[in-house]
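Please read the structure below before turning to the comments.
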Amino acid sequence: MLSRLSRSRIIALCSLPVVGLVGVAVFAPLPFSVAQPGMTANVLGKNDGTPVITVAGAQTRKTSGELRMTTIEATSPGTRVSLGQVVDNWFRTDRAVMPYDAVYPTGDTIKEIEKHNTAQMRQSQDAATTAALDHLRKDPDDVKVTLRLADVGGPSAGLLFSLGIVDKLDGDGSGGDLTGGRTIAGTGTIDADGKVGAVGGVALKTQAARRDGATVFLVPKAECADAHTNLPKGLRLIPVTNLDGAVDSLIALEKGTGKIPSC
């Protein structure tokens with residue numbers, strides 16, 4: 012057993028490297044990314060002056076209301092976050108500290124990451140188009156859809172792309188708008204069969220949606236709990252699992268009939 016004096020000396024000696032390590036940790040890069048609410052874009056309108064959705068081979072309809080895809084804005088791939096930045100942002104409701112690997116692929120250069128995100132967006136657009144045309148029972152050989160959204164990567168706009176195509180071509184199916192004239196936002200991946208998948212960053216995307224005027228937010232059902240975290244006032248959550256269900260929910264909301272799911 013150590014004596015009181017020897018303990019004091021040891022503590023004094025040990026505290027020097029500990030203080031040094033803490034000092035290094037505060038400034039050393041950590042494998043995290045800091046994210047905040049990002050831009051939103053109305054897929055029924057234009058982005059940077061170019062229509063997001065254009066259709067050839069079928070008549071489109073004039074729409075009202077908005078369908079806004081949502082994003083998060085994270086520290087760039089080349090940025091490394093320090094312990095001080097983690098602590099500063101940990102308890103903020105308008106920021107999220109996320110594992111770097113959850114935001115960007117590991118082991119890639121910035122150019123490779125950008126290429127990966129662009130490829131994911133392209134695959135998402137193809138799947139969104141296939142799902143929408145299948146929902147509408149339209150022949151993809153006759154109807155050609157082009158989707159353009161500048162400076163956005165990844166697959167999380169898939170659901171909103173599909174809904175935008177449906178609204179442009181068919182609306183609510185009886186002459187009305189799928190949006191009912193509202194500003195509706197959302198997020199979610201989509202596959203060619205219309206299945207909606209989780210995306211991450213939902214609590215920040217709801218803030219971006221409300222900031223830009225949305226009153227309804229479509230969220231993958233698996234992320235309902237995350238969407239409730241710091242949910243802005245005046246924003247209604249509607250959970251979705253597939254494109255058919257999302258369309259049915261929006262039509263029920265527009266017409267004021269039928270049961271609308273909630274988180």
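If you want this note's numbering, it's the 1-based position in the sequence shown plus 11.
Every residue, glycine too, gets a C-beta built ideally from N, C-alpha and C.
Nearest to residue i by CA position, among the options, is which residue?
i, options, result
"P231", "A257, G199, G187", "G199"
"V274", "N100, P250, K206", "Before going on, a small fix: residue 274 reads as Cys here, not Val. Among N100, P250, K206, the Cα nearest to that of C274 is on P250."
"L55", "R222, L174, A220, V258", "L174"
"R161", "D112, R221, T61", "The sequence shown places Ala at residue 161, not Arg. Ranking the options by Cα distance to A161, first place goes to T61."
"V207", "F172, N241, D237", "F172"
"D202", "D137, T268, R72, F102", "D137"
"A219", "K244, V98, A209", "K244"
"G49", "G205, E84, E77", "E84"
"A143", "K57, A257, P272, G95", "A257"
Pull up the distance between the alpha-carbon of residue i and that of residue j, whole angstroms please.
i, j, result
"D181", "V92", "47 Å"
"C235", "L215", "13 Å"
"F38", "A225", "Confidence at F38 is low in this model, with a pLDDT of 48, below 50, so the placement of that residue is unreliable and no value is reported for it."
"D183", "K126", "36 Å"
"A130", "V154", "23 Å"
"G34", "P110", "Note that G34 has pLDDT 40, beneath the 50 cutoff, so the model's placement of it is unreliable and no number is given."
"D145", "A139", "10 Å"
"T82", "R159", "16 Å"
"G31", "K57", "With a pLDDT of 37 at G31, under the threshold of 50, the predicted position of this residue should be treated as unreliable, though the coordinate-derived value follows. Going by the C-alpha atoms only, they are around 54 Å apart."
"W101", "V108", "6 Å"
"P151", "R72", "18 Å"
"K122", "N128", "10 Å"
"Q96", "P42", "12 Å"
"T74", "D59", "19 Å"
"R106", "L94", "15 Å"
"L170", "Q70", "22 Å"
"K270", "D259", "9 Å"
"T86", "T51", "18 Å"
"T141", "T90", "37 Å"
"P275", "N53", "No statement about residue 275 is possible, as the shown extent of the chain runs from 12 to 274 and does not include it."
"D112", "I124", "11 Å"
"T120", "A233", "31 Å"
If we call anything under 8 Å between Cβ atoms a contact, is residue i one with residue j?
i, j, result
"I64", "K179", "yes"
"T194", "L261", "no"
"A8", "G212", "Given a span of 12 to 274 for the chain in the structure shown, any question on residue 8 remains unanswerable."
"N253", "T104", "no"
"A275", "F228", "Nothing about residue 275 can be reported from this structure: the residues present for the chain run from 12 to 274 only."
"P88", "S135", "no"
"S185", "V114", "no"
"L246", "R222", "no"
"V98", "L147", "no"
"A209", "M80", "no"
"G187", "E77", "no"
"D255", "G205", "yes"
"A238", "T217", "yes"
"V163", "M132", "yes"
According to DSSP, residue i sits in a beta bridge with which residue or residues?
i, result
"R247", "V227"
"L158", "I64"
"V207", "I201"
"I176", "Paired residues: none, contrary to the question."
"A196", "R79, F228"
"T128", "According to the sequence provided, residue 128 is Asn. The question's Thr does not apply to it. BP columns for N128 are empty, so no partner."
"N253", "K206"
Every unbroken beta strand (DSSP E) within the segment 44-114, with a cutoff of 3 residues, ordered by chain: Taken in chain order, the complete beta strand (DSSP E) segments of 3 residues or longer contained in the segment 44-114 are 64-67, 77-85, 107-110.
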